[in-house]
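Take a look at the structure below.
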Amino acid sequence: MAPSTLSGITKVLLAPALALGATVGLASAPAHAAVWNSCEQWGNTSLNGYTLYNNIWGSGAGAQCVWANSGTNWGVWADHPDTGGIKSYPNAKKVINKPITSIGSLTSSYNVTVPSSGAYNTSYDIWDTDYDYEIMLWVNHNGAVGPLGTAQGTVSLGGHTWNVYKGNNGANEVFSFLRTSDSNSGTVDILPVLKWIKDTKRWMGNETIGDVQFGYEITSSSGGLDFRTNNLTVSGG
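Mapped onto mature numbering (1 follows the signal peptide of the UniProt record, and there is no 0), the consecutive letters of the sequence shown carry residue numbers -33 to -1, 1 to 204.
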């Protein structure tokens, strides 16, 4: 299976050397008048306490534009070729910056509209402040995509049942939780997942959780596909 993530530091912090195709005009954005849009590789803005990020980080990427009506209602149009490797992770980010034992609650609700073609996953990407640990929660996926690492069994946590994978990409540990059935809406109680990793499995210590991101890890979307976040809320901390 193709890995779901490469170097966490590359993915989050560094701009890989790649040449994007000609910038797509704003006609690729939705027909309605969004309050913000960008077709830039690293286009980003802050709205309503969330940071939106176009984040075209992988090699061999095509064109991609992100738009937002608010921090909790936004979407992406992407036209990435049908080649291997992740091209992008457009997302909305909420900053937590608390150790796990200091977090009283951490929940999120999502409602998305995703295409029936292409290769992608819709996922939370949760990081500690040192980027030593990456926790991915896949709520749906399509096409030839798969998690990094080896299977660790199935667990019911935070209101969902997940297939768990554990791996290392050379820069950080990666813990991937794949929902056993795809969903386009729901609520996830994130804190029990973090506590299970820390206390039950002892895969990490009392890490300070920095970012809770939610978005679309896109491998291919040939011809142009739309991904819509109808609503996203991250609460607690």
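Virtual Cβ for every residue (Gly too), placed ideally from N, Cα, C. Everything numeric in this text was worked out from a predicted model, so none of it was measured.
Euclidean distance between Cα positions of residue i and residue j
| i | j | result |
| --- | --- | --- |
| Tyr183 | Trp44 | 11 Å |
| Gly116 | Asn36 | 37 Å |
| Gly27 | Thr50 | 8 Å |
| Ser72 | Gly204 | 6 Å |
| Ser189 | Ile157 | 33 Å |
| Thr68 | Leu104 | 20 Å |
| Val81 | Pro66 | 33 Å |
| Asn22 | Asn109 | 20 Å |
| Arg195 | Ala59 | 12 Å |
| Phe144 | Pro159 | 13 Å |
| Thr128 | Val106 | 10 Å |
Chain-order list of residues whose beta-carbon lies under 6 Å from that of residue i (same chain, five-residue window excluded)
| i | result |
| --- | --- |
| Ser202 | Thr74 |
| Tyr77 | Leu199 |
| Leu173 | A small fix is needed here, since residue 173 is Asn in this sequence, not Leu. Closer than 6 Å at the Cβ level, and outside the excluded window around Asn173, lie Pro66, Ile67, Thr68. |
Residue span of the alpha helix (DSSP H) that contains residue i, given as start and end
| i | result |
| --- | --- |
| Val160 | 157 to 162 |
Range covered by the beta strand (DSSP E) that runs through residue i
| i | result |
| --- | --- |
| His127 | 127 to 135 |
| Gly182 | 175 to 187 |
| Thr121 | 117 to 124 |
| Asn78 | 73 to 80 |
| Ile102 | 100 to 109 |
Residue from the options whose Cα sits closest to the Cα of residue i
| i | options | result |
| --- | --- | --- |
| Trp163 | Ile102, Ser152, Val62 | Ile102 |
| Ala138 | Phe144, Asp97, Thr147 | Asp97 |
| Gly39 | Ile93, Gly113, Leu192, Trp3 | Rather than Gly, the amino acid found at residue 39 in this sequence is Thr. Nearest of Ile93, Gly113, Leu192, Trp3 to Thr39, Cα basis: Trp3. |
| His47 | Gly29, Ile63, Pro57, Ser55 | Gly29 |
| Gly177 | Tyr20, Ala1, Lys61 | Lys61 |
| residue 207 | Asp95, Asn88, Asn136 | The displayed coordinates of the chain run from -33 to 204. Any statement about residue 207 would go beyond what the structure contains. |
| Glu7 | Ala118, Ala111, Pro57 | Pro57 |
| Asp193 | Trp9, Ala86, Glu140, Trp24 | Ala86 |
| Ala111 | Gly120, Gly134, Tyr100, Ser83 | Ser83 |
| Ser95 | Ser13, Tyr20, Leu161 | What sits at residue 95 in the sequence shown is Asp, not Ser. Per the Cα distances, Leu161. |
Sub-8 Å separation of residue i and residue j beta-carbons
| i | j | result |
| --- | --- | --- |
| Ser52 | Thr186 | The question names Ser, but residue 52 is Gly in the sequence shown. Yes, they are a contact pair. |
| Thr147 | Asn64 | no |
| Gln31 | Tyr91 | no |
Spatial neighbours of residue i in its chain, beta-carbon cut-off 8 Å, leaving aside the 5 residues before and after
| i | result |
| --- | --- |
| Asp126 | Sequence check: residue 126 is Gly here, not Asp. These residues qualify, in order along the chain: Gly153, Thr154, Val155, Asp156. |
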